[in-house]
Amino acid sequence: MGATSGQGRQAGGTPRAALADLLAGNRRFVSGQPVHGHDVTAAAAASGDQQPYAVLLGCIDSRVPLEAIFDQTFGAICVIRTGGHVLDRAVCGSIEYVVGQLGVPLVMVLGHERCGAVEATVQALRTGQRPGGSLAHLVDEIAPAVTEAGIDDPAVQPLAIRRHVRRTVRTLREDDLLAGPVAAGRVAVVGGLYDLATGEVALIDPG
Ligand SMILES: [Zn+2]
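Per our numbering, the sequence shown starts with residue 2, numbered consecutively.
See below:
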């Protein structure tokens with residue numbers, strides 16, 4: 002159980018132990034030796050209650066399936082994915098639920114290289130063409146990170162991806178229902194970056 006198997010941890014574990022479990026799972030994935038990758042079956046899904054020890058917020062990008070890249074089994078992690086891991090009330094409410102009601106001690110925001118949502122935001126700001134519909138919400142939420150990175154910087158996209166992760170982490174740390182547990186050390190909100198080429202997750206804001 003725990004660090005070697007990536008099984009769900011009982012509620013009440015520490016943020017540090019939860020993070021160690023997650024990163025151990027990513028190392029199994031990177032090394033080509035996942036312990037759960039072979040067991041994605043209905044029988045495994047039906048085998049137990051959920052005891053999640055982390056909640057992950059990532060991008061919808063089809064190359065970044067979070068359960069797989071952290072080699073996690075059913076019931077181990079809660080996953081939320083939106084374009085560019087943008088927050089809205091439903092996302093924040095979901096994280097508040099997992100932390101407050103399920104006792105999960107770790108929140109990870111995971112960005113990734115070559116993120117299409119960040120690229121779309123860079124293009125929107127460079128051309129002045131704000132998209133319509135709800136897509137505008139994604140662009141509006143990512144835009145401050147792009148502006149901070151410098152819209153004219155040739156490396157704006159990788160810089161903005163990192164800044165956007167840090168901004169999302171900061172917003173969650175200041176969330177009404179998360180700020181107290183974070184300040185008390187019962188919950189950690191951390192930021193990571195996924196490398197599409199190697200499969201590795203690097204912590205860029207460990208908290
Ligand atoms: Zn993305």
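Note that the Cβ used here is the ideal one computed from N, Cα and C, for glycine as well.
Residue i CB to nearest heavy atom of ligand 1 below 8 Å
i, result
"H113", "yes"
"V65", "yes"
"G200", "no"
"V119", "yes"
"I70", "no"
"D62", "yes"
"P116", "Checking the sequence shown, residue 116 turns out to be Cys, not Pro. Yes, the Cβ of C116 comes within 8 Å of a heavy atom of ligand 1."
"G192", "no"
Under the three-state DSSP convention, the category residue i falls into
i, result
"V193", "Residue identity check: residue 193 is Gly in the sequence provided, not Val. In this structure, G193 counts as strand in the three-state DSSP scheme."
"D22", "helix"
"C60", "strand"
"S6", "Note that S6 scores 38 on pLDDT, short of 50, meaning its location in the model is unreliable; the coordinates nonetheless yield the value given after this. Coil at S6, not helix or strand."
"L160", "helix"
"C79", "strand"
"D206", "strand"
"A55", "strand"
"G33", "coil"
"P66", "coil"
"L88", "coil"
"T172", "helix"
"I96", "helix"
"G181", "helix"
"R28", "helix"
"R17", "helix"
"G200", "coil"
"A44", "helix"
"G49", "coil"
"G101", "helix"
Whether residue i touches residue j by CB criterion (9 Å)
i, j, result
"C60", "L111", "yes"
"A146", "I162", "yes"
"V105", "A125", "no"
"R64", "L197", "yes"
"I70", "D176", "no"
"Q51", "F75", "yes"
"G117", "G84", "yes"
Problem set entry | the region 42-60 contacting the region 102-109, beta-carbon criterion three pairs below 8 Å | yes
Exercise. Can at least three beta-carbon pairs, one atom from the region 168-178 and one from the region 80-95, be found at a separation below 8 Å?
Worked result: The region 168-178 vs the region 80-95: in contact.
Problem set entry | Touching by the beta-carbon criterion (3+ pairs, under 8 Å), the region 186-194 and the region 112-120 | yes
Exercise. Considering only residues of the region 107-170, which uninterrupted beta strand (DSSP E) runs meet the minimum length of 3 residues and lie entirely inside it, listed in chain order?
Worked result: 107-113
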